[in-house]
Amino acid sequence: MSLPPEKASELKQLIHQQLSKMDVHGRIREILAETIREELAPDQQHLSTEDLIKALRRRGIIDDVMKELNFVTDSVEQELPSSPKQPICFDRQSTLKKSDGTRMADSTTMLSISDPIHMVLIKTDIFGETTLVASYFLEWRSVLGSENGVTSLTVELMGAQRSKVSKLKNIFLNFKLALERQKTAEKERLFLVYAKQWWREYLQIRPSHNSRLVKIFAQDENGINRPVCSYVKPLRAGRLLDTPRQAARFVNVLGYERAPVIGGGGKQEQWCTLLAFLCRSKIPNLLCSLLLGIMELEAFVCVGTEGKGVPHSMGYDLYIHKPTNPDEPPVAEQPKPLYPYRTIGCVFNHQMFLGNCQPSDAVETCVFDLNDESKWKPMSEEAIKSVCAPGATTSLPPFPPLCASTIDASVTSNEIEMQLRLLVSEHRKDLGLTTVWEDQLSYLLSPALASYEFERTTSISAGNEEFQDAIRRAVPDGHTFKGFPIHFVYRNARRAFATCLRSPFCEEIICCRGDQVRLAVRVRVFTYPESACAVWIMFACKYRSVL
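Numbering (our numbering), first residue to last: 7 to 553.
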């Protein structure tokens, strides 16, 4: 097996560090001198390599080095072949006990727990961006029927499309699982029959309903069709998010990965379970789950189109919509839309699914009185509960808790700022311009960036007057100040700089010419759960105009 050059270099560096840590070179010199004194004849002037190796082995140096060196394979490629398989071992005793050693449940009780173990494999690049490689639901209950208390299962990861279920030997377990699959298939069949009947009734209301975006099923990352209601569950954020607006901001700064499309055609639609979504970084589903869990709001996911007619889904809170009354005279003042959405075909959450049966599905004229069945056709809550309620055999496993951020905001802000300074200096040097940075001016930009993020989180603007007053005092008479703030959800400085240069106003600041030109740049990183972050950057300059 051959290693890539970069891996070989890394391995050599690790071995060198370990040898230096154990002072192997010094010990070899001591043994070499001792061997020359004790074992070489007076007329012998050369010590062979074999003699030295024997001396090192006799004194235990080689054994000590090998004991300290631990080789661990830690490599994940972007494309996984279908043939390699990795055994996974489970111990029945550890499975059936709590961490404090007390018994949690017996085998019979554990057998009734149908939730599988959700395994997700991700790849992280050098910029910290993650990509979903594979998702697999593992049926763990084979450990309950093992003879010696240990079970080894082989799982084949087929990429984020499908996974292979390993076979179980125990006859009782096979019967139990087969019975569950039969019940699941029957519930899914009954729900499908009901959904088809509901859809026929919906189309009979108005023929134009056939063109509305009413989505009852969606395909997950494994290619399995699930009711859309199963993608939403109340999700508490612990102490990581305190308000619904913070939850909305967190979802807004999450990075996302576009589903790959082979060949031509439009975009491929793929919904994700929550664990796979957080690793892959559907946003409306997560926002709706947080709104349901943080303050138990009446939240829904709405499926419709944006202003350009592109299909879109969005998180929605019923208390923020003001519909337009089409029957009012033209002189009547109508509320100005605060959203980019055009139409809505259906709304749903973890308990309800309703199709829009109003004469028009335009958002500005829709009335969101979901209890009015003349405007919203509901699905049976009992039918939804049969396949989506917690504990239902067809439902997804419980949502995982959110994880706190592992990003140091101050350190990351400083690193990005230093990289941007270097990039600006190199860019101006290519243009034949010198670069002089003013640290005090850069520092004065911090309150503005904090105010921008505060406004995004609370919809309240504050601190603008103080910032303008500080800039007036820092800019001498006869000088001009220009500033350009911009926001990103990633921490790649070079990518951000390239984006900024595409703005004529920002390019004018970076390439500023004049007398006594002073440049400034400030970066503020605001962290959120799951290591999501909002990165604010402001470029600024002050100069004296020469006419």
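No residue lacks a Cβ here, since even glycine has one placed at the ideal position from N, Cα and C.
Cα-Cα separation between E370 and F197, rounded to whole angstroms: 33 angstroms
Beta-carbon proximity check, T160 vs S148, cutoff 7 angstroms: no
Euclidean distance between Cα positions of L260 and T533: 11 angstroms
First through last residue of the alpha helix (DSSP H) which encompasses N231: Per DSSP, N231 belongs to no alpha helix (DSSP H); it is in the beta strand (DSSP E), N231 to P233.
Residues bridged to N362 (per DSSP): Partner(s): W382.
Alpha-carbon to alpha-carbon, N216 and Q210: 10 angstroms
Simplified DSSP state of V149, which is helix, strand or coil: helix
Limits of the alpha helix (DSSP H) - the one that E370 falls within: Where E370 is concerned, there is no enclosing alpha helix (DSSP H), given that its DSSP letter is neither H nor E.
Residue interval of the alpha helix (DSSP H) (run including V430): Start and end: A415 to D436.
Of the residues S551, R519 and R530, the one placed nearest P482, counting alpha carbons only: Taking only the C-alpha atoms, the option nearest P482 is S551.
Contact check, V257 vs H356, beta carbons under 7 angstroms: The answer is no: Cβ separation not under 7 angstroms.
Assigned exposure category for N291 - 16 Cβ within 10 Å defines buried: With 16 or more other Cβ atoms within 10 Å, it is buried.
Classification of K60 by the beta-carbon crowding that lies within 10 angstroms, buried from 16 upward: exposed
Classification of T115 by the beta-carbon crowding that lies within 10 angstroms, buried from 16 upward: When all chains shown are included, T115 counts as exposed.
Nearest-angstrom Cα separation, counted from V541 out to I21: 38 angstroms
Endpoints, beta strand (DSSP E) assigned at T137: T136 to L144
Three CB pairs or more closer than 8 angstroms across the region 521–536 and the region 412–425: yes
Every unbroken beta strand (DSSP E) within the region 518–546, with a cutoff of 3 residues, ordered by chain: 521–533
Contacting residues, own chain, Cβ-Cβ under 6 angstroms from P453 (five flanking each side not counted): G469 and F473
CA nearest to the CA of L303, picked from R242, F487 and A499: R242
M164: CB within 6 angstroms of a non-hydrogen atom of the ligand NAP: Questions concerning the ligand NAP fall outside what the structure shown contains, since it holds no ligand whatsoever.
Any 3 or more C-beta pairs closer than 8 angstroms across the region 353–368 and the region 380–390: yes
For K202, the nearest candidate out of L144, I222 and K193 (CA to CA): The shortest C-alpha separation from K202 is found at I222.
Distance, R206 Cα to F460 Cα: 48 angstroms
Buried or exposed by the 16-neighbour rule on C-beta atoms within 10 Å, applied to R500: It is exposed - the Cβ of R500 has fewer than 16 other Cβ atoms within 10 Å.
Distance between L117 and L150 (C-alpha atoms, nearest Å): 7 angstroms
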